[in-house]
Amino acid sequence: MFTLFQYSIALSLTLIILWSLYRISTGSVKRIDLNRVTLLVIYAVSISLPLILQYLSSPDATVAILSPDAVTTTETLSLTLHLLFYFWISGAVLCLIITIVELLKISLIIRRCTKVQAGGLTLCISENDRVSPFSIFNKTVMSRKDYSDFPDKIILHESGHIHHRHSLDIIIAQTVAILCWYNPVAWLMRRDLKTLHEYQADRFVLDSGCDRSQYQLFLIAKATGTRFTSITNNLTYSRIRHRISMMNTPVSTNKTYLLRYSTLFSAQHSSH
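If you read the sequence shown in numbering that gives the first Met the number 0, its first letter stands for residue 0, the second for the next number, and so on.
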């Protein structure tokens, strides 16, 4: 377990560096697909790099003769690290318990739902009108009222999440957030990724031929309800104003995005 704590620290440091570069380089560029891929690459590198470095490091231990003062310093450092470990494991266990509780709540809601098959999707119709529409893997959950009033828009939106396999992204983001719960970047990255998920799902709806104005009014009307923001794709997760702004703003071209990266690289290179 102590090794897992050390891995968590290395993972956090890598996340901080790569996410900071990502935020500086992207700015307000509206390349939704490329931004999502970039975040997933950051996760992949951050998860794997500490393991690779550990594998490549020399297994030989260095033996040294320590003075009494050095021994005292080493013992103090060891005690501090153990205290930090217990602090970390307590937070990680708490986050894990919260995640499990959310999963159990979702499982209970789905179990009580009426199941309907529609276009290869499993629709779970809940009698609880407070349940906001959400999807998890290939299941879409909505209230009976939403199923009667807005079935097409909700199914299209959640189909966008399922089409892009957003639930797999969330598993990665939530796992990293649990391991690095003390690191704000882990939570900010998860927020950024889920926001991009909503942008992609919104675009999926509009690309399917839905009227933009009607869909935006629908989002405003649905900005309430019970949400599971950690481990599901909620239709009303992201701030509606930002999503409407994104729908009304043309996305940047690949050339603009690459130009920002090249400008950042040139600035860093010249500083050296």
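Ideal placement from N, C-alpha and C gives every residue a C-beta, glycine not left out.
Bear in mind the structure is a predicted one, so any value in this text is a computation, not a measurement.
Quick check: I169 and M141, are their CB atoms within less than 8 Å of each other?
For this step, residue 169 is matched to residue 170 along the sequence shown. For this step, residue 141 is matched to residue 142 along the sequence shown. For I169 and M141, no; Cβs fall outside 8 Å.
How should I153 be labelled, buried or exposed, when 16 other C-beta atoms within 10 angstroms of its C-beta is the threshold for buried?
Start at 1 with the first residue of the sequence shown, and residue 153 comes out as number 154. Looking at its Cβ environment, which holds 16 or more other Cβ atoms inside 10 Å, I153 is buried.
In chain order, what residues of the same chain lie with their CB nearer than 8 Å to the CB of T174, ignoring the 5 residues before and after it?
Indexing the sequence shown from 1 puts residue 174 at position 175. Cβ neighbours of T174 beyond the five flanking positions: none.
From E197 to H156, what distance separates their C-alpha atoms?
In the sequence shown, counting from the first residue as 1, residue 197 sits at position 198. In the sequence shown, counting from the first residue as 1, residue 156 sits at position 157. In a straight line, the C-alpha of E197 is about 9 Å away from that of H156.
When you compare the CB positions of I105 and T231, do they come within less than 8 Å of one another, or not?
One-based indexing of the sequence shown puts residue 105 at position 106. One-based indexing of the sequence shown puts residue 231 at position 232. In this structure, T231 lies closer than 8 Å to I105 by Cβ.
So if DSSP puts T113 in a beta bridge, which residue, or which two residues, is it bridged to?
For the purposes of this step, residue 113 is taken as residue 114 along the sequence shown, with counting starting at 1. In DSSP, T113 forms a bridge with I124.
Expressed to the nearest angstrom, what Euclidean distance is found between the alpha-carbon atoms of T79 and R111?
As a first step, residue 79 must be located in the sequence shown, where it is residue number 80. As a first step, residue 111 must be located in the sequence shown, where it is residue number 112. So the alpha carbons of these two residues sit roughly 49 Å apart.
With distance defined between alpha-carbon atoms, name the residue in R189, A220, D128, Q215 nearest to Y146.
For the purposes of this step, residue 146 is identified with residue 147 of the sequence shown, where counting begins at 1. With distances taken between Cα atoms, Y146 lies closest to D128.
Look at S45 and T25 and say whether their C-beta atoms are less than 8 Å apart.
What you label residue 45 is simply residue 46 of the sequence shown in a count that begins at 1. What you label residue 25 is simply residue 26 of the sequence shown in a count that begins at 1. Their beta carbons are not under 8 Å apart, which means S45 does not touch T25 by this criterion.
Among the candidates L103, N137, S131, whose CA atom is the shortest distance from the CA of K114?
Counting from one through the sequence shown, the residue named residue 114 turns up at place 115. Nearest C-alpha to K114: N137.
Could you tell me which whole alpha helix (DSSP H) segments of length 4 or greater appear in the region 79–110?
none
Inter-residue spacing [alpha-carbon to alpha-carbon] between L65 and V36
By 1-based counting over the sequence shown, the position of residue 65 is 66. By 1-based counting over the sequence shown, the position of residue 36 is 37. In this predicted model, L65 has a pLDDT of only 41, less than 50, meaning its place in the structure is not dependable; the value taken from the coordinates is given anyway. Approximately 49 Å between the Cα atoms of the pair.
Using DSSP bridges, identify the partner residues of S142.
Mapped onto the sequence shown, residue 142 falls at position 143. Partner(s): S125.
Can you list, in chain order, the stretches of the beta strand (DSSP E) that have 3 or more residues and sit fully within the region 9–51?
none
C-alpha gap between A117 and F217, whole angstroms:
Here residue 117 refers to the residue found at position 118 of the sequence shown. Here residue 217 refers to the residue found at position 218 of the sequence shown. Taking the straight line from one Cα to the other gives about 21 Å.
Thinking C-beta only, is I15 closer than 8 Å to A91?
Counting from 1 along the sequence shown, the entry for residue 91 is found at position 92. Counting from 1 along the sequence shown, the entry for residue 15 is found at position 16. Cβ distance not < 8 Å, so A91 and I15 don't count as in contact.
Helix, strand or coil for I135? Go by DSSP, reduced to three states.
Counting from 1 along the sequence shown, the entry for residue 135 is found at position 136. In the structure shown, I135 sits in a strand (DSSP, three-state: E or B).
Cβ pair A200, H241 closer than 8 Å
As a first step, residue 200 is located in the sequence shown; it is residue number 201 there, counting from the start. As a first step, residue 241 is located in the sequence shown; it is residue number 242 there, counting from the start. Cβ atoms of A200 and H241: not closer than 8 Å.
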